[in-house]
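Data block below; observations after.
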Amino acid sequence: MLLPNFEYIEPTTLEEALRLLSDMGGNARVIAGGTDLLVRMKLKIEKPSQLISLRKVPGLNQVIKRETHGVSIGPAVTAADLARNEFIRDKFAPLATAAGKLGAPVIRNRATIGGNLVNGRPAADFPPACMVFDAILKLKSATNEREILVGEFFRGPGETIIEPNELLVGIFMETPAPWTGGSYIKLGARKALEISMVNVAVMLTLQEPLGPIVDVKIALGAVAPTPVRAFAAEQYLMGRHPSEKVFSEAGAIGVGMCHPITDHRGTMEYRCLMIETLTSRALNLAYQNALAWKP
Ligand SMILES: Cc1cc2nc3c(=O)[nH]c(=O)nc-3n(C[C@H](O)[C@H](O)[C@H](O)COP(=O)(O)OP(=O)(O)OC[C@H]3O[C@@H](n4cnc5c(N)ncnc54)[C@H](O)[C@@H]3O)c2cc1C
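One rule links them: number in the working numbering = place in the sequence shown (from 1) + 441.
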């Protein structure tokens with residue numbers, strides 16, 4: 442399969458990239474790692490006449506730790522870089538785990554967090570992991586700038602609210618409170634090079650060790666047209682003391698938030714069972730990690 446002809450442009454500043462995107466209208470596409478876009482171009486699903494590369498735009502591939510405000514992640518940071526970043530592994534464990542489970546090493550070395558979010562696939566690994574941190578996405582065009590909660594970014598399979606003249610330029614997350622633990626579980630038929638059949642991310646905060654749950658976020662992927670938060674399960678857990686029974690009840694409630702489909706990866710019934718089991722398992726894991734919290 443050959444790629445169609447296109448012009449490849451490497452802007453060297455953010456302003457230049459935004460101006461090019463605005464001048465070229467709907468015919469141009471941004472390219473980060475290319476692991477989604479080039480496949481779609483080979484399959485002739487997309488035929489952009491210009492590709493605007495983010496490779497030489499400074500500052501987009503950095504993870505910046507902010508002492509008081511958490512972390513700022515550039516959209517061009519790769520899955521491999523996130524998976525091995527010590528600060529991300531320590532304070533944003535579900536994100537590091539999701540990064541380490543995406544594709545295989547050769548894909549992780551190119552695939553970016555920005556490309557994964559903008560691609561808007563319901564089964565993608567990064568969206569649930571960002572949703573449990575209530576990540577803020579910064580979108581910029583040549584004339585405008587706006588910030589949006591990651592949970593409001595997705596519209597449907599392959600659809601997000603980003604405009605053709607906008608770039609995702611940053612992803613911001615607050616450092617979780619003390620006694621918080623997180624987890625990410627991905628279910629697929631294989632251990633690598635597999636798109637999720639179901640995935641679940643959890644962040645859980647205890648008032649104190651062995652105290653009640655004072656904050657919890659559960660996000661699921663591959664269970665609806667967009668990744669979803671299991672709000673009803675979160676509500677059920679608030680103020681309760683962690684136990685296997687409570688987590689398993691939350692898993693059962695979580696199923697009610699999902700509308701999984703039957704496809705070649707799994708049936709709707711199997712996915713529902715897995716939502717329940719994996720949510721409960723992810724909550725247990727997050728709880729264990731909360732107990733092991735270190736400043
Ligand atoms: C073999 C293989 C295995 C895979 N396995 C997985 C997997 O396990 N889990 C998973 O979630 N995904 C998987 N993927 C999909 C893909 O690798 C990821 O979605 C990846 O993170 C996309 O990032 P990218 O940098 O390659 O995006 P690109 O292909 O460069 O871009 C994807 C889309 O995002 C747009 N875009 C990119 N960056 C920006 C930006 N900053 N602002 C605005 N628009 C932008 C592009 O225009 C394009 O529309 C796999 C792909 C392949 C080929």
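C-beta: ideal position from N, C-alpha, C; glycine also.
- Task: Hey, could you find the ends of the alpha helix (DSSP H) residue 530 is sitting in?
- Result: The count along the sequence shown starts at 1 and reaches residue 530 at position 89. It spans 527-532 - the alpha helix (DSSP H) in which residue 530 sits, taken as one unbroken run.
- Message: Can you tell me where the alpha helix (DSSP H) holding residue 644 begins and where it ends?
- Response: The residue given as residue 644 occupies position 203 in the sequence shown. For residue 644, there is no enclosing alpha helix (DSSP H); the residue is part of the beta strand (DSSP E) that begins and ends at 639-647.
- Task: Consult DSSP for residue 464 and reduce its assignment to one of helix, strand or coil.
- Result: In the sequence shown, counting from the first residue as 1, residue 464 sits at position 23. Under the three-state reduction of DSSP, residue 464 is assigned to helix.
- Query: In three-state terms, what does DSSP make of residue 559?
  - Reply: The residue you call residue 559 lines up with position 118 of the sequence shown. Correct three-state label for residue 559: helix.
- Message: Strictly closer than 5 angstroms from CB to any heavy atom of ligand 1: give me those residues in the order they appear in the chain.
- Response: Taking each Cβ in turn, the ones that pass are 470, 471, 472, 473, 474, 475, 476, 477, 478, 516, 543, 544, 548, 552, 553, 555, 556, 557, 559, 560, 565, 566, 608, 609.
- Query: Between the C-alpha atoms of residue 679 and residue 728, what's the straight-line distance to the nearest angstrom?
  - Reply: Taking the sequence shown and counting its residues from 1, the one referred to as residue 679 is at position 238. Taking the sequence shown and counting its residues from 1, the one referred to as residue 728 is at position 287. Going from the Cα of residue 679 to the Cα of residue 728 covers about 13 angstroms.
- How far does the alpha helix (DSSP H) with residue 719 in it reach, from first residue to last? Stepping through the sequence shown from its first residue, residue 719 is reached at position 278. Taken as a continuous stretch (DSSP letters only), the alpha helix (DSSP H) holding residue 719 covers 709-732.
- residue 689 - DSSP class collapsed to helix/strand/coil: As a position in the sequence shown, residue 689 is number 248, starting the count at 1. Residue 689 falls in the helix class under three-state DSSP.
- Considering residue 448, what are the terminal residues of the beta strand (DSSP E) in which it resides? By 1-based counting over the sequence shown, the position of residue 448 is 7. Segment 448-450, the beta strand (DSSP E) holding residue 448.
- Which one of 582, 681, 670 has the shortest CA to CA distance from residue 720? Working through the sequence shown from its first residue, we reach residue 720 at position 279. It is 670 whose Cα lies nearest to the Cα of residue 720.
- Item | N- and C-terminal bounds of the alpha helix (DSSP H) containing residue 548 | Translated into the one-based positions of the sequence shown, residue 548 becomes position 107. 546-549 is the span of the alpha helix (DSSP H), which, as asked, contains residue 548.
- Query: When you compare each of 485, 528, 475 to residue 517 by their alpha carbons, which one comes out closest?
  - Reply: Looking up residue 517 in the sequence shown gives position 76. Checked all of 485, 528, 475; the closest Cα to residue 517 is 475.
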